[in-house]
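Peer 1: Submitted below is the structure of interest, expressed as structure tokens.
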Amino acid sequence: EELELAERLICEHGLCVKYRNKLIKRMEAFASGRSLYGVMKRGDDIGRLCELLAAEKLRLNAMNFDDLLKNAARLLRSSGWSPRRVIVDEFQDCDALQTELLRAMASPETKLFVVGDPNQVIYSWRGGGRDIFRRFAAEFGATELSLPVNYRSSATILEAAKFFLEDRSQLEGTRDPGAGIVVRNHYNPFLEAVSLAETIWRLHETGAPWREIAVLFRLQRQSAALEDAFARRGIPFAASARKSAKEALAAETADETDSPAPQEETTEDAVRLMTLHACKGLEFRCVFIVGVNYGLIPLHTSPGRWEEQEEERRLFFVGITRAKDYLELSYYTSPDDPRVMPGKSGYLSMIPARLLEEPDEAHGEADLQGYRRMILENREKRGAQDIFGPERTEEAPAGAKRALHPRYGEGVVESEDDTSYTVRFERYGTKTFSKDFCPLEFL
Numbered sequence: 003e004e005l006e007l008a009e010r011l012i013c014e015h016g017l018c019v020k021y022r023n024k025l026i027k028r029m030e031a032f033a034s035g036r037s038l039y040g041v042m043k044r045g046d047d048i049g050r051l052c053e054l055l056a057a058e059k060l061r062l063n064a065m066n067f068d069d070l071l072k073n074a075a076r077l078l079r080s081s082g083w084s085p086r087r088v089i090v091d092e093f094q095d096c097d098a099l100q101t102e103l104l105r106a107m108a109s110p111e112t113k114l115f116v117v118g119d120p121n122q123v124i125y126s127w128r129g130g131g132r133d134i135f136r137r138f139a140a141e142f143g144a145t146e147l148s149l150p151v152n153y154r155s156s157a158t159i160l161e162a163a164k165f166f167l168e169d170r171s172q173l174e175g176t177r178d179p180g181a182g183i184v185v186r187n188h189y190n191p192f193l194e195a196v197s198l199a200e201t202i203w204r205l206h207e208t209g210a211p212w213r214e215i216a217v218l219f220r221l222q223r224q225s226a227a228l229e230d231a232f233a234r235r236g237i238p239f240a241a242s243a244r245k246s247a248k249e250a251l252a253a254e255t256a257d258e259t260d261s262p263a264p265q266e267e268t269t270e271d272a273v274r275l276m277t278l279h280a281c282k283g284l285e286f287r288c289v290f291i292v293g294v295n296y297g298l299i300p301l302h303t304s305p306g307r308w309e310e311q312e313e314e315r316r317l318f319f320v321g322i323t324r325a326k327d328y329l330e331l332s333y334y335t336s337p338d339d340p341r342v343m344p345g346k347s348g349y350l351s352m353i354p355a356r357l358l359e360e361p362d363e364a365h366g367e368a369d370l371q372g373y374r375r376m377i378l379e380n381r382e383k384r385g386a387q388d389i390f391g392p393e394r395t396e397e398a399p400a401g402a403k404r405a406l407h408p409r410y411g412e413g414v415v416e417s418e419d420d421t422s423y424t425v426r427f428e429r430y431g432t433k434t435f436s437k438d439f440c441p442l443e444f445l
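Take 3 as the starting number for the sequence shown in our numbering and just add one per residue.
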């Protein structure tokens, strides 16, 4: 709504604002004192826009989440009231505005207690940072208590995780070594999803509850192939991204839109599909981290951006340490994305061979042949060519506008290319489906 309001003001007042596709970031940058953005050499009307937007929000009695934080801090300071005690969890995720609110709460008599992990600073783009603990200690004269013991992960998993920390001596474990870490190669994301569905099915048959299994990935778009494969295999799953306070507030006030419906935290017996950012604070008996290729894990970072590179490593550390007993890491030979490099990420080479357990390659090859037969049978039913050939004959019916999915219901077909369909669902947003494994029924 704020973005729509800003766009309206630009049009009404004839403002010249560059980088309109990044308007929110531009306004945030201006609030931080930066009027130029990207490769700009001269200023534009961003300052005037921010003035008009502030006045318009005041007229409408409207606030965004940042406004709530700023105004709450202002009211606390003017009231003279302060709580006797304040406890903050996940302190490493606090941005500048949240820290300012904490200052407004605290009087000289207030007892402050914050808990956080410098190894889990993964939101620097929101204003957090590793030096937040040092700054807190200096400002409030805090006493630091170190809790280096990890009670969750097996010794093998914890030892692997240490290689992604700046100081490996910071972490101690209490558990036995347990099973080795499995590193598996898949041809592409589609075959990976089918393979994971079979592996997870077998894990469940050995006694692992669905809710104790998680599949983690770097980007939300990686979820689609997994959802399709799991739905076809009959595996219950919950595809979610944990909401920040800002996102939760937006969900409370959202009208009906074409955006994905907010998904609540679930306690159902289902496999969890989530991004590495969303998994922080959770734990599972079995964890699969997919797409460990350069370009995904880690994402491409600019040369010399040391902090970005370190944050990518900390994010991988967070993912690894969600696992209690079993950890499997996989990468693609053919990522199906020009931004992702084929072959395993350098992160996998950082884990010593002594911590790894070789997968049963013979069993894996047998599985692959079975998947190949299944795919070919599926395509033969539609009169298609070999899945690995260049030609494809399966098409949506001419003029088709709507399609039915067994999980997402009815949706609108937005686009189609040689390999996939893109469909928009009212409650679940836009999803892309491979033609090789398509569960859609065209209406």
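We treat Cβ as the ideally placed atom computed from N, Cα and C, and that holds for glycine.
Bear in mind that the values here come from a model prediction, so they are computed numbers and not experimental data.
Mind the definition here: the segment 326 to 340 touches the segment 283 to 296 only if three or more C-beta pairs lie below 8 Å; say whether that holds.
Peer 2: yes
Peer 1: Could you name the residues of the same chain whose beta carbon sits closer than 8 Å to that of Met29, not counting the 5 residues immediately before and after it, in chain order?
Peer 2: Working through the sequence shown from its first residue, we reach residue 29 at position 27. Shown here for Met29: same chain residues with a beta carbon closer than 8 Å to its own, the five before and five after excluded, namely Ala8, Ile48, Leu51, Cys52, Leu55 in chain order.
Peer 1: Any heavy atom of the ligand SAH closer than 8 Å to the Cβ of Leu70?
Peer 2: Among the components of this structure there are no ligands whatsoever, and the ligand SAH is therefore not found.
Peer 1: Closest by CA to Ala64, which one among Val185, Glu4, Met352?
Peer 2: The count along the sequence shown starts at 1 and reaches residue 64 at position 62. Among Val185, Glu4, Met352, the Cα nearest to that of Ala64 belongs to Glu4.
Peer 1: Where does Met352 fall in DSSP's three states?
Peer 2: As a first step, residue 352 must be located in the sequence shown, where it is residue number 350. Met352: coil per DSSP, three-state reduction.
Peer 1: Over what stretch of residues does the beta strand (DSSP E) that includes Phe166 continue unbroken?
Peer 2: Stepping through the sequence shown from its first residue, residue 166 is reached at position 164. It is not in any beta strand (DSSP E) - Phe166 carries neither H nor E in the DSSP assignment.
Peer 1: How far does the alpha helix (DSSP H) with Ile12 in it extend, from its first residue to its last?
Peer 2: Translated into the one-based positions of the sequence shown, residue 12 becomes position 10. First-last of the alpha helix (DSSP H) with Ile12: 4 to 15.
Peer 1: Would the segment 139 to 146 count as touching the segment 310 to 324 if we require 3 or more Cβ pairs under 8 Å?
Peer 2: no
Peer 1: Helix, strand or coil: how does DSSP classify Val19 here?
Peer 2: Working through the sequence shown from its first residue, we reach residue 19 at position 17. Here Val19 sits in coil by DSSP.
Peer 1: Verify whether the separation of the beta carbon atoms of Val289 and Ala325 is less than 9 Å.
Peer 2: Here residue 289 refers to the residue found at position 287 of the sequence shown. Here residue 325 refers to the residue found at position 323 of the sequence shown. The answer is yes: Cβ separation under 9 Å.
Peer 1: Roughly how many angstroms lie between the CA atoms of Asn23 and Glu58, to the nearest whole one?
Peer 2: By one-based count along the sequence shown, residue 23 stands at place 21. By one-based count along the sequence shown, residue 58 stands at place 56. For Asn23 and Glu58, the distance between alpha carbons rounds to 21 Å.
Peer 1: Does the segment 60 to 74 come into contact with the segment 84 to 91, if we say contact requires no fewer than three beta-carbon pairs (one atom in each stretch) closer than 8 Å?
Peer 2: Contact between the segment 60 to 74 and the segment 84 to 91 is absent, because fewer than three Cβ pairs lie under 8 Å.
Peer 1: What is the rounded straight-line gap between the Cα of Leu442 and the Cα of Arg409?
Peer 2: Within the sequence shown, numbered from 1, the residue matching residue 442 stands at position 440. Within the sequence shown, numbered from 1, the residue matching residue 409 stands at position 407. For Leu442 and Arg409, the distance between alpha carbons rounds to 10 Å.
Peer 1: Which residue comes first and which comes last in the alpha helix (DSSP H) that contains Glu321?
Peer 2: In the sequence shown, the residue the question calls residue 321 occupies position 319. Residue identity check: residue 321 is Gly in the sequence provided, not Glu. Gly321 -> alpha helix (DSSP H) spans 308 to 322.
Peer 1: So, with DSSP's three-state summary, where would you put Lys43?
Peer 2: What you label residue 43 is simply residue 41 of the sequence shown in a count that begins at 1. Looking at Lys43 - three-state DSSP - the assignment turns out to be coil, as it is neither helix nor strand.
Peer 1: Count the other CB atoms within 10 Å of the CB of Ile26; is the residue buried (16 or more) or exposed (fewer)?
Peer 2: Indexing the sequence shown from 1 puts residue 26 at position 24. Burial call: exposed.
Peer 1: Assuming Gln94 and Pro120 form a contact by the criterion Cβ under 8 Å, report the distance between their Cβ atoms to the nearest whole angstrom.
Peer 2: By 1-based counting over the sequence shown, the position of residue 94 is 92. By 1-based counting over the sequence shown, the position of residue 120 is 118. 6 Å between Cβ atoms; contact.
Peer 1: When the Cα atoms are used, what is the spatial distance from Leu406 to Gln224?
Peer 2: The residue given as residue 406 occupies position 404 in the sequence shown. The residue given as residue 224 occupies position 222 in the sequence shown. Spanning the two alpha carbons is a distance of roughly 21 Å.
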